[in-house]
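Note sheet for the following structure.
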């Protein structure tokens, strides 16, 4: 009761009661769709063929987001994805679509990357699907990653829906592209859907094709739980959140679960799906794709490809998981502030959670201090990871020049894995060195075949064969050392073919090569972070090129800095960075000439002392100059 002193009126106190919305009410706007009307599919394509734009139009057509929530590349959640205009991480959302037959279908859409460096993300996404939408550019046609992604989907026994995109462009030739799809991919072109991701034309037909051609998922809610972890990330408040595809059984909130690979027990704090906002549900049934909040605080316990099951009465065997990604490019990452070493370690642990293709191990450099030798799938992957570490974890990093994994056979009969040039043993103890070889596929218009031949031969490529896919495209097969590909091959390929060439590659094995270590000395001191492994016959030319580039990059000191390229004990190239002259006579107005001589002599003595004990500051651009050697 509340008593008012001025009027002595007694009135009852208002009772406030919490309004609890039952879970069933929260599901009211999420239709409960039976399994036969569920469709799980990925959108795959060559880079820049319009996957993300088509995803935007599908979200609009199904009214998944309101107009005020729609942005371009809405499924690309990272700033770096929007800035570069590429998809880096797969993203899964659930849509509800009322088809022409009057039924409501639940469509689980997974948008995937297109660049060859992120093909591992594509393979993970396809494992959660029964079908794939293969997007082909109506002007560019079938390109290298189009073929690669189509083969991934075929090998996974998925139903493929071909979508010919960009039909709104004046240069679009959909009928020719249909023929190319049939000739190159052996897919029926009659079922191909003509769409425009820009205008939205044909999106309704594409959704109808998805509903009609892609089969519903299999599985039984009554079987023991087996759910595949497709992706995961760390939430500071809720712990690890996992995207899962439930193969059998069901997951309910507060279920007692177990990760089969890491043996980590946890209770499901929340389950639901993304739209792309998170929508909690009471359960995820067999065949569904959604998220599970694990509450685990250790990010290393949840791996993509692991199997989630019940702690009691769960599955006895884990699901197949994924083919382990093998890093092909390695570089050193060092914090500019040595106090950030532990922060870099924590950042790598968290980033590895949803990108298991990254490997890392501690490394010590005389020039840069303590850091990590990190493995990546390619150069773009390396750039993206470095930028994510700097942006998302507020780190300032120095990256050394990339290298590959060499197999060094010693005279004692042992084989060493050398991922960093500084780990290469003494030449007298080396019997021979093997380097990784790629099987590279280049699709290019016939007019540029000669340019590709010249470029790839310059990069020690071995020609295998060439197939005319059509009058406008030729598929060339090469074997190229990986170390050549990570230098400037891709940039040169795009430049010499005016952007028309597309490249796909896969590691095939190792081959013996005559290689040596090229060291760089600054002011007589070796800089281990600037060393790299090169073919013996090109060591002198590459050393000269690098020395000249470093001369332009390294800032002038108060003393002359000699730059030397050295193979073993032999100097193969040398240049000097001239000293920066300080005007010590600026305040000397007239007077006896002996006063000026005294000041100049004092400066000369100081320069000698600096030269003997001084260190040269090396900017980040110097480590990346190796990538431009030979341009």
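Numbering (our numbering), first residue to last: 847 to 1477. Glycine included, every Cβ here is placed at the ideal spot set by N, Cα and C. All values derive from a computational prediction rather than experimental measurement.
Taking the Cβ atom as the reference point for each residue, do residue i and residue j lie within a distance shorter than 9 Å?
| i | j | result |
| --- | --- | --- |
| residue 890 | residue 958 | yes |
| residue 1089 | residue 1076 | yes |
| residue 1485 | residue 1343 | Nothing in the structure corresponds to residue 1485, since the chain is present only between 847 and 1477. |
| residue 1232 | residue 1179 | yes |
| residue 1166 | residue 1070 | no |
| residue 1328 | residue 1174 | yes |
| residue 1112 | residue 1140 | yes |
| residue 1006 | residue 1041 | no |
| residue 1072 | residue 1161 | yes |
| residue 887 | residue 908 | no |
| residue 1054 | residue 946 | yes |
| residue 1209 | residue 1221 | no |
| residue 1421 | residue 1397 | yes |
Tell me the rounded alpha-carbon separation between residue i and residue j.
| i | j | result |
| --- | --- | --- |
| residue 1305 | residue 1298 | 11 Å |
| residue 1316 | residue 1026 | 7 Å |
| residue 1388 | residue 1266 | 18 Å |
| residue 822 | residue 1375 | Outside the displayed span of the chain (847 to 1477) sits residue 822, for which this structure offers no information. |
| residue 1235 | residue 1207 | 16 Å |
| residue 1016 | residue 1142 | 53 Å |
| residue 873 | residue 1353 | Any reading at residue 873 must be qualified, since the residue scores a pLDDT of 40, below 50, and its modelled position is unreliable; the value itself is stated next. Roughly 47 Å separates the two Cα atoms. |
| residue 1081 | residue 1087 | 7 Å |
| residue 880 | residue 952 | 9 Å |
| residue 1039 | residue 1022 | 14 Å |
| residue 1423 | residue 1410 | 11 Å |
| residue 1033 | residue 1144 | 45 Å |
| residue 1121 | residue 1326 | 43 Å |
| residue 1065 | residue 1094 | 5 Å |
| residue 867 | residue 1099 | Any reading at residue 867 needs caution, since the residue's pLDDT is 33, under 50, leaving its predicted position unreliable; the model's value is listed next. Computed Cα separation, rounded: 16 Å. |
| residue 1037 | residue 1126 | 37 Å |
| residue 1243 | residue 1349 | 30 Å |
| residue 944 | residue 1063 | 19 Å |
| residue 1322 | residue 1331 | 16 Å |
| residue 1157 | residue 1148 | 16 Å |
| residue 1333 | residue 1257 | 30 Å |
| residue 1308 | residue 1302 | 8 Å |
| residue 1198 | residue 1052 | 35 Å |
| residue 981 | residue 1365 | 47 Å |
| residue 1131 | residue 1097 | 7 Å |
Does residue i come out as helix, strand or coil in the three-state DSSP assignment?
| i | result |
| --- | --- |
| residue 1053 | helix |
| residue 1443 | helix |
| residue 1450 | helix |
| residue 1292 | helix |
| residue 893 | coil |
| residue 1377 | coil |
| residue 1249 | strand |
| residue 1239 | coil |
| residue 1338 | helix |
| residue 957 | strand |
| residue 1410 | strand |
| residue 1320 | strand |
| residue 1365 | strand |
| residue 872 | Here the model assigns residue 872 a pLDDT of 38, short of 50, so the residue's position is not dependable, and the following value carries that caveat. Of the three classes helix, strand and coil, the one that applies to residue 872 here is helix, per DSSP. |
| residue 1420 | strand |
| residue 1301 | helix |
| residue 1392 | helix |
| residue 846 | Residue 846 cannot be examined here, being either before or after the span of the chain that is shown, 847 to 1477. |
| residue 909 | coil |
| residue 1234 | helix |
Can you tell which of the options has the C-alpha that lies nearest to the C-alpha of residue i?
| i | options | result |
| --- | --- | --- |
| residue 1285 | 888, 1357, 1198 | 1357 |
| residue 1012 | 1289, 1220, 895, 1332 | 895 |
| residue 1394 | 1040, 1408, 979 | 1408 |
| residue 1134 | 1219, 1119, 942 | 1119 |
| residue 1480 | 1115, 1332, 1092 | Limits of the chain in this structure are 847 at one end and 1477 at the other, which puts residue 1480 out of reach. |
| residue 938 | 992, 1379, 1137 | 1137 |
| residue 1370 | 1363, 1406, 995 | 1406 |
| residue 1202 | 1151, 1216, 1187, 1417 | 1151 |
| residue 1418 | 1383, 1398, 1446 | 1383 |
| residue 1351 | 1324, 1341, 1367 | 1324 |
| residue 1403 | 1390, 1425, 1397 | 1425 |
| residue 1377 | 996, 1291, 1363, 1219 | 1363 |
| residue 1254 | 1245, 1280, 1230, 1400 | 1280 |
| residue 985 | 1386, 1416, 1346 | 1346 |
Extract the residue ranges of the beta strand (DSSP E) inside the segment 1261-1288, only unbroken runs of 3 or more that lie entirely within it. 1261-1264
For the segment 986-1057, which segments carrying the alpha helix (DSSP H) assignment without a break, of at least 4 residues, lie completely within its bounds, in sequence order? 990-1001, 1020-1026
Note down, one range per segment and in chain order, each alpha helix (DSSP H) of at least 4 residues found wholly within the segment 1144-1223. 1187-1200
Any beta strand (DSSP E) of 3 or more consecutive residues that is wholly inside the segment 1066-1124: 1072-1081, 1085-1094, 1102-1105, 1110-1113, 1116-1120
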